[in-house]
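Here is the structure we will look at, set down as structure tokens.
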Amino acid sequence: ASDSRGDPGREREVAQAAGGGSRAMDPATVPVGSGSPRPGSPAPPDLEAVPLVALNFAVRRRLGLYLNPRAPVAADWTALAEELGYEYLEIRHLEAQQDPAARLLEDWQGRCPGGATVGRLLALLRALGRHDILADLGDRIEEDCKKYLQRKEQPLQVPAVDSSVPKTLEMSGITTRDDPY
1 ASDSRGDPGR EREVAQAAGG GSRAMDPATV PVGSGSPRPG SPAPPDLEAV PLVALNFAVR
61 RRLGLYLNPR APVAADWTAL AEELGYEYLE IRHLEAQQDP AARLLEDWQG RCPGGATVGR
121 LLALLRALGR HDILADLGDR IEEDCKKYLQ RKEQPLQVPA VDSSVPKTLE MSGITTRDDP
181 Y
């Protein structure tokens, strides 16, 4: 048997053959987040329906750390831009930005408000082979989406309307009407 140390692909194959845990699963088939929900826990959100605005700053910053460096082997932000339909001159313009990946996501939200969803972004990252991003940020992305959906469902005000007259003892000696009788 050959030594598998140092070869990540071989390590994954060895772990799969040994019946390893979730780290040994093929990243292309691993769902984003923690996998199957526990009994009694809410179902994971439908990420296709969650707009990109749900992703908070920390997740966007980590995405930038993965996508901003120009990599000859892995797909970077330029490959994502091409998949999103950006043309050469648009990509060159984004290249001049300090954080081109973040700028790309912001621009995509403005360009395609209904289509810029978390699910679409994850599908593109999966298609580009960026399973490292999905594995690292999957739980954080799912958590951001859940928080976004919870905030969206909460009412802006309490449904019960109460009288505007205070009902405290302090107000008992104060005349609040012209006719005290």
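The letter at position 82 of the sequence shown is residue 82 when you use UniProt numbering, and the numbering goes up by one with no holes. A virtual CB, placed ideally from N, CA and C, is assigned to each residue, including glycine.
*With respect to the alpha helix (DSSP H) encompassing THR78, which residues constitute its N-terminal and C-terminal limits?*
Taking the first residue of the sequence shown as position 1, residue 78 is located at position 78. Residues 77-83.
_Identity of the residues DSSP links to PRO51 by a beta bridge_ = One-based indexing of the sequence shown puts residue 51 at position 51. According to the DSSP secondary-structure assignment, PRO51 is paired through a beta bridge with THR117.
*VAL59 and LEU124 look like a contact to me (Cβ under 8 Å); what is the Cβ gap, rounded to whole Å?*
Taking the sequence shown and counting its residues from 1, the one referred to as residue 59 is at position 59. Taking the sequence shown and counting its residues from 1, the one referred to as residue 124 is at position 124. The pair is not a contact, with the Cβ atoms about 15 Å apart (cut-off 8 Å).
*In terms of alpha-carbon separation, which member of LEU47, HIS131 and LEU67 lies closest to GLN98?*
Here residue 98 refers to the residue found at position 98 when the sequence shown is read from its first residue. For GLN98, the nearest C-alpha among the options comes from LEU67.
_Just to confirm before moving on: does the CB-CB distance between GLY64 and ALA102 stay below 7 Å?_
Mapped onto the sequence shown, residue 64 falls at position 64. Mapped onto the sequence shown, residue 102 falls at position 102. It is a contact, given that the beta carbons lie within the stated cut-off.
*LEU121: buried (16+ other C-beta within 10 angstroms of its C-beta) or exposed?*
Numbered from its first residue, the sequence shown carries residue 121 at position 121. Its Cβ being crowded by 16 or more others within 10 Å, LEU121 is buried.
*What are the boundary residues of the alpha helix (DSSP H) that ALA64 is part of?*
By 1-based counting over the sequence shown, the position of residue 64 is 64. Just to set this straight, residue 64 is Gly in the shown sequence, not Ala. It spans 57-67 - the alpha helix (DSSP H) in which GLY64 sits, taken as one unbroken run.
*asked:* Rounding to the nearest angstrom, what Cα-Cα distance links ARG70 and ILE91 in this structure?
replied: Taking the first residue of the sequence shown as position 1, residue 70 is located at position 70. Taking the first residue of the sequence shown as position 1, residue 91 is located at position 91. Spanning the two alpha carbons is a distance of roughly 13 Å.
*Look at the alpha carbon of VAL118 and the alpha carbon of ASP178, and state the distance between them as a whole number of angstroms.*
The residue you call residue 118 lines up with position 118 of the sequence shown. The residue you call residue 178 lines up with position 178 of the sequence shown. The alpha-carbon of VAL118 is positioned some 60 Å away from that of ASP178.
*Candidates LYS152, LEU128 and ASP132, of which the one nearest ALA79 by Cα*: In the sequence shown, residue 79 corresponds to position 79, counting from 1. Measuring from the Cα of ALA79, the nearest candidate turns out to be LEU128.
*Buried versus exposed call for PRO100 [16 or more other C-beta atoms within 10 Å across all chains shown]*: Taking the sequence shown and counting its residues from 1, the one referred to as residue 100 is at position 100. Buried.
*Drop a sphere of 10 angstroms on the beta-carbon of GLU87, count the other beta-carbons inside from all chains shown, and report buried for 16 or more, exposed for fewer.*
Here residue 87 is taken as the residue at index 87 of the sequence shown, counted from 1. Label assigned to GLU87: exposed.
_With a threshold of 8 Å on Cβ separation, who are the neighbours of PRO113 within its own chain once the five nearest residues in sequence on each side are excluded?_
For the purposes of this step, residue 113 is identified with residue 113 of the sequence shown, where counting begins at 1. Counting only residues of its own chain and dropping the five nearest sequence neighbours on each side, PRO113 has a CB closer than 8 Å to the CB of PRO51.
*Look at the alpha carbon of LYS152 and the alpha carbon of LEU89, and state the distance between them as a whole number of angstroms.*
As a first step, residue 152 must be located in the sequence shown, where it is residue number 152. As a first step, residue 89 must be located in the sequence shown, where it is residue number 89. The alpha-carbon atoms of LYS152 and LEU89 are separated by roughly 37 Å.
*Among residues of its own chain, excluding the 5 on either side of ASN56, which ones have a beta-carbon nearer than 6 Å to its beta-carbon?*
As a working note, residue 56 is residue 56 in the sequence shown. Exclusion of the five residues before and after ASN56 leaves ASP144 as the residues of its chain whose Cβ lies within less than 6 Å of its Cβ.
_Quick check: what's the CA-CA separation for ALA135 versus LEU84?_
The residue you call residue 135 lines up with position 135 of the sequence shown. The residue you call residue 84 lines up with position 84 of the sequence shown. Distance between the alpha carbons of ALA135 and LEU84 is about 22 Å.
*asked:* For GLY129, report the span of its alpha helix (DSSP H) as first-last.
replied: For the purposes of this step, residue 129 is identified with residue 129 of the sequence shown, where counting begins at 1. Bounds of any alpha helix (DSSP H) do not take in GLY129, whose DSSP letter is neither H nor E.
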